[in-house]
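Q: Residue numbers (the working numbering), protein chains in the order written: chain V, 1406 to 1523; chain R, 60 to 583.
1. Identify every run of the alpha helix (DSSP H) within the stretch 318 to 360 of chain R, keeping only runs that are complete inside it and at least 4 residues long; order them along the chain.
2. With a threshold of 8 Å between beta carbons, is residue 204 of chain R in contact with chain V?
3. Less than 8 Å between the C-beta atoms of residue 171 of chain R and residue 65 of chain R, yes or no?
4. If you measure beta-carbon to beta-carbon, which residues of the stretch 1486 to 1502 of chain V are closer than 7 Å to chain R?
5. Tell me the rounded alpha-carbon separation between residue 167 of chain R and residue 1488 of chain V.
6. Residue 1512 of chain V versus chain R: which residues are under 8 Å apart at the beta carbon?
7. With a threshold of 8 Å between beta-carbons, can residue 420 of chain R be considered close to chain V, or not?
8. For residue 398 of chain R, does the three-state DSSP call read helix, strand or coil?
9. For residue 333 of chain R, I'd like the list of residues in its chain whose CB is within less than 6 Å of its CB, leaving aside the five on either flank, ordered along the chain.
10. Under 8 Å by Cβ, that's how I've got residue 234 of chain R and residue 246 of chain R pegged, so tell me the actual separation to the nearest angstrom.
11. Counting C-beta neighbours from all protein chains within 10 Å, is the total for residue 402 of chain R 16 or more, i.e. buried, or is it exposed?
12. Are there 16 or more other CB atoms within 10 angstroms of the CB of residue 1478 of chain V, so buried, or fewer, so exposed?
13. Throw me the rounded Cβ distance for the residue 377 of chain R and residue 394 of chain R pair, which I believe falls under 8 Å.
14. Please report the residue range of the alpha helix (DSSP H) in which residue 243 of chain R lies.
15. Exposed or buried, which one is residue 141 of chain R when buried takes at least 16 other CB atoms within 10 Å?
16. Residue 139 of chain R: buried (16+ other C-beta within 10 angstroms of its C-beta) or exposed?
17. Are residue 542 of chain R and residue 463 of chain R close, meaning C-beta to C-beta below 8 Å?
18. For a cutoff of 8 Å on Cβ pairs, would you count residue 228 of chain R as touching chain V?
19. Please list the partners that residue 191 of chain R has in chain V, where partner means a Cβ-to-Cβ separation under 7 Å.
20. How would you call residue 108 of chain R, buried or exposed, if buried means at least 16 neighbouring beta carbons within 10 angstroms?
21. State the beta-bridge partners of residue 585 of chain R as determined by DSSP.
22. Quick check: what's the CA-CA separation for residue 95 of chain R versus residue 288 of chain R?
23. Can you tell me whether residue 551 of chain R is buried or exposed? The criterion is at least 16 other CB atoms within 10 Å of its CB, across all chains shown.
24. Over the uninterrupted alpha helix (DSSP H) stretch that includes residue 236 of chain R, give me the two end residues.
25. Starting from residue 542 of chain R and walking both ways along the alpha helix (DSSP H), at which residues does that stretch end?
26. Assuming the contact rule is C-beta atoms closer than 8 Å, residue 434 of chain R and residue 499 of chain R should be a hit. Round their C-beta distance to whole Å, please.
27. Please tell me whether residue 441 of chain R and residue 369 of chain R are closer than 8 Å, where the distance is taken between their beta carbons.
28. Which whole-angstrom value is the C-beta distance of residue 436 of chain R and residue 430 of chain R, which I expect to be below 8 Å?
29. List the residues of chain R whose Cβ lies closer than 8 Å to the Cβ of residue 1481 of chain V, in chain order.
30. At 4 residues or longer, what runs of the alpha helix (DSSP H) sit wholly inside the stretch 1432 to 1476 of chain V?
31. List the residues of chain R that residue 1438 of chain V touches, going by C-beta distances under 9 Å, in chain order.
32. Nearest to residue 104 of chain R by CA position, among R:400, R:134, R:248 and R:191, is which residue?
33. Let me see if you follow: with CB-CB separation under 8 Å, is residue 1428 of chain V close to chain R or not?
34. Determine whether the Cβ of residue 1434 of chain V lies closer than 8 Å to any Cβ atom of chain R.
35. Would you tell me roughly how many angstroms separate the C-alpha atoms of residue 507 of chain R and residue 356 of chain R, rounded to the nearest one?
36. Hey, does residue 1443 of chain V have any beta-carbon neighbour from chain R nearer than 8 Å?
Here you go:
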């Protein structure tokens, strides 16, 4: 699982480098976040482990799941959600103004609009 | 006790959000902020007797989240409080948006949180939320350019912080803790070959946040946005980047077995030289200041990795740079409003229009250039004191570059007055810039005492050494005047440099390249 998540992380990063479309970049960003979450959830994972809940846990220490990565990832997911939400808000604004989701085109058109205002 | 220092600015923020329509509530907030400055001073005096340590929620040791204030973080918290006080005075009359005031004070709380935090994951959360706040602060003026640069800023920052999060996972896997103090002890036992991957994953984002070349371009991009509040630009280079430098110092301590000083010295030199060339090619005064910020960060980076004396100089320079760069940015905000253009070739005659602002700007320039008796000279003196040979000359050349840059900047003071006469200068803005300028001079005269007081290190100023620096300064000014007379900004080479612009994909490539280079460097 660890290896898979790292491969996924760098694939997503490759996507960030190559994608021409803003929406695709956002998707790659989310994919990157997901890869990190998978990495964390796989930390110290083994088959047959139990959730650390309940008063009379019978399993040995080694067979109780570590609750910390899960707790961390809930926070990370929320922050990721907030960031993506702000990203999308800004992108919607830009797309409405420029009628495009292409990085270069949006850049060029938003510069042109500034020139017009001047 | 320490959590209250993070919560207090948040309370001010909420108070202002509820009542910000009236001028009176802003004055109340400024008074509250001034009281807060006094409290940070008390905290600093307290931290001189030993580290102050708070376990949030009462869980001690590995389980809890700890906040710690040692002298370095307490002095930086004091700086944060002072700068936000001045930014609040600056913005007393405008902008009127409630959102602006809310976000500014939340930002203060977050920055203070970063300085106290001793937990890897806390740092991640605070950095990420601070990024979000900066993104909203620069784009709330709702202009296409600011939106576009805001999107790039936010997305690149998010992409790069994922590396940090992955590195944090590695740390947890290796040591079983996210507490920096415990992790330091565990890492000290390990082989450096084991640490290469987590170290690179954690340091690459920090290098990005420090705005070092090749990743420097996000900072000027954000600071050069037209109509973005000047105070945001001032805090960005005054404090936001300093958070990253502070984390750099902390993480270098955590990863003590990994020896990488040489790499950062080279990176710092490259950053400083490139930024000075970039700054010299710009026409927008805010961009000149922004690129000179990255040059100073490069200088600090060199100093931090040289020797103990230079490291003290660098710490002092972190504080000095925050003061004079804030003064310059806030001054530039007034100037841009007054002349209705940020173009340096179209601004002239400031000395006729506003003598007070000219004097304060000049004082800040003398500070950044390292003129004798101003604060920059003290920190630069300590940086160069122990170094000899090649490094000494490189540092002097970088300083010469800064002087060339700011001799060019002084052009706005002289010549015929081209300002728009109908625009009034607000008194509160002038007061805030003047406060910073006076601090430049005071911190220069009491510089040695300040270094002893803030960092508890025993440094002293050699009179002849300082005199030598003054002579070098005078020679540099002469060279700078000469260069500015003969090298024109319309030069073909400089025009090419000016048009250089990294897009989003370019920045991602740079992150990848930096990551790969760091990995390869560590393997050798």
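Yeah, the Cβ is synthetic: ideal placement off N, Cα and C, and Gly gets one too.
These figures come from a predicted structure and were not determined experimentally.
A: Based on what the coordinates show:
1. 320 to 340
2. As a working mapping, residue 204 of chain R is identified with position 145 in the second chain. Taking Cβ atoms only, chain V reaches closer than 8 Å to residue 204 of chain R, which makes this a yes.
3. Stepping through the second chain from its first residue, residue 171 of chain R is reached at position 112. Stepping through the second chain from its first residue, residue 65 of chain R is reached at position 6. Contact: yes.
4. 1487, 1488, 1491, 1492, 1495, 1496, 1498, 1499 and 1502
5. Translated into the one-based positions of the second chain, residue 167 of chain R becomes position 108. Translated into the one-based positions of the first chain, residue 1488 of chain V becomes position 83. Approximately 20 Å between the Cα atoms of the pair.
6. Here residue 1512 of chain V corresponds to residue number 107 of the first chain, with the count starting at 1. Within chain R, the residues near residue 1512 of chain V are 207 and 562.
7. Numbered from its first residue, the second chain carries residue 420 of chain R at position 361. So, not an interface residue.
8. Working through the second chain from its first residue, we reach residue 398 of chain R at position 339. DSSP places residue 398 of chain R in helix when its eight states are reduced to three.
9. As a working note, residue 333 of chain R is residue 274 in the second chain. The residues are 272.
10. Numbered from 1 along the second chain, position 175 holds the residue referred to as residue 234 of chain R. Numbered from 1 along the second chain, position 187 holds the residue referred to as residue 246 of chain R. About 7 Å; that satisfies the 8 Å criterion.
11. For the purposes of this step, residue 402 of chain R is taken as residue 343 along the second chain, with counting starting at 1. The residue is exposed, with fewer than 16 neighbouring Cβ atoms inside 10 Å.
12. Here residue 1478 of chain V refers to the residue found at position 73 of the first chain. Under this definition residue 1478 of chain V is a buried residue.
13. Within the second chain, numbered from 1, the residue matching residue 377 of chain R stands at position 318. Within the second chain, numbered from 1, the residue matching residue 394 of chain R stands at position 335. Not really, about 26 Å apart at Cβ, beyond 8 Å.
14. In the second chain, counting from the first residue as 1, residue 243 of chain R sits at position 184. From DSSP, the alpha helix (DSSP H) with residue 243 of chain R extends over 239 to 247.
15. Looking up residue 141 of chain R in the second chain gives position 82. By the neighbour-count rule (16 or more Cβ atoms within 10 Å), residue 141 of chain R is buried.
16. Translated into the one-based positions of the second chain, residue 139 of chain R becomes position 80. With 16 or more other Cβ atoms within 10 Å, it is buried.
17. Walking along the second chain from the start, residue 542 of chain R turns up at place 483. Walking along the second chain from the start, residue 463 of chain R turns up at place 404. Closer than 8 Å, so yes.
18. Numbered from 1 along the second chain, position 169 holds the residue referred to as residue 228 of chain R. Yes, contact with chain V.
19. Along the second chain, read from residue 1 onward, the residue named residue 191 of chain R stands at position 132. Correct list: 1487, 1488 and 1491.
20. Translated into the one-based positions of the second chain, residue 108 of chain R becomes position 49. Exposed is the call here.
21. What the structure shows of chain R is the stretch from 60 to 583, and residue 585 of chain R is not part of that stretch, so it cannot be assessed.
22. Mapped onto the second chain, residue 95 of chain R falls at position 36. Mapped onto the second chain, residue 288 of chain R falls at position 229. Roughly 24 Å between the two C-alpha positions.
23. Translated into positions along the second chain, residue 551 of chain R becomes position 492. Flag for residue 551 of chain R reads exposed.
24. Your numbering for residue 236 of chain R matches position 177 in the second chain. Neither: residue 236 of chain R is in no alpha helix (DSSP H) and is coded neither H nor E.
25. Counting from one through the second chain, the residue named residue 542 of chain R turns up at place 483. Taken as a continuous stretch (DSSP letters only), the alpha helix (DSSP H) holding residue 542 of chain R covers 522 to 545.
26. Walking along the second chain from the start, residue 434 of chain R turns up at place 375. Walking along the second chain from the start, residue 499 of chain R turns up at place 440. About 5 Å; that satisfies the 8 Å criterion.
27. As a first step, residue 441 of chain R is located in the second chain; it is residue number 382 there, counting from the start. As a first step, residue 369 of chain R is located in the second chain; it is residue number 310 there, counting from the start. A contact, by the Cβ cut-off of 8 Å.
28. Locating residue 436 of chain R in the second chain gives position 377, counting from the first residue. Locating residue 430 of chain R in the second chain gives position 371, counting from the first residue. That belief holds up - the Cβ atoms of residue 436 of chain R and residue 430 of chain R are roughly 6 Å apart, short of 8 Å.
29. In the first chain, residue 1481 of chain V corresponds to position 76, counting from 1. What residue 1481 of chain V touches in chain R: 183 and 224.
30. none
31. If you number the first chain from 1, residue 1438 of chain V lands on position 33. Chain R residues near residue 1438 of chain V: 217, 221 and 224.
32. Taking the first residue of the second chain as position 1, residue 104 of chain R is located at position 45. Minimum Cα distance to residue 104 of chain R is reached at R:134.
33. Looking up residue 1428 of chain V in the first chain gives position 23. Residue 1428 of chain V does not count as touching chain R.
34. To locate residue 1434 of chain V, count along the first chain from 1; it is residue 29. Chain R contact via Cβ: present.
35. Against the second chain, residue 507 of chain R aligns to sequence position 448. Against the second chain, residue 356 of chain R aligns to sequence position 297. Cα-Cα distance, rounded: 21 Å.
36. Taking the first chain and counting its residues from 1, one reaches residue 1443 of chain V at position 38. No, residue 1443 of chain V lies away from the interface with chain R (no Cβ there is under 8 Å from its Cβ).
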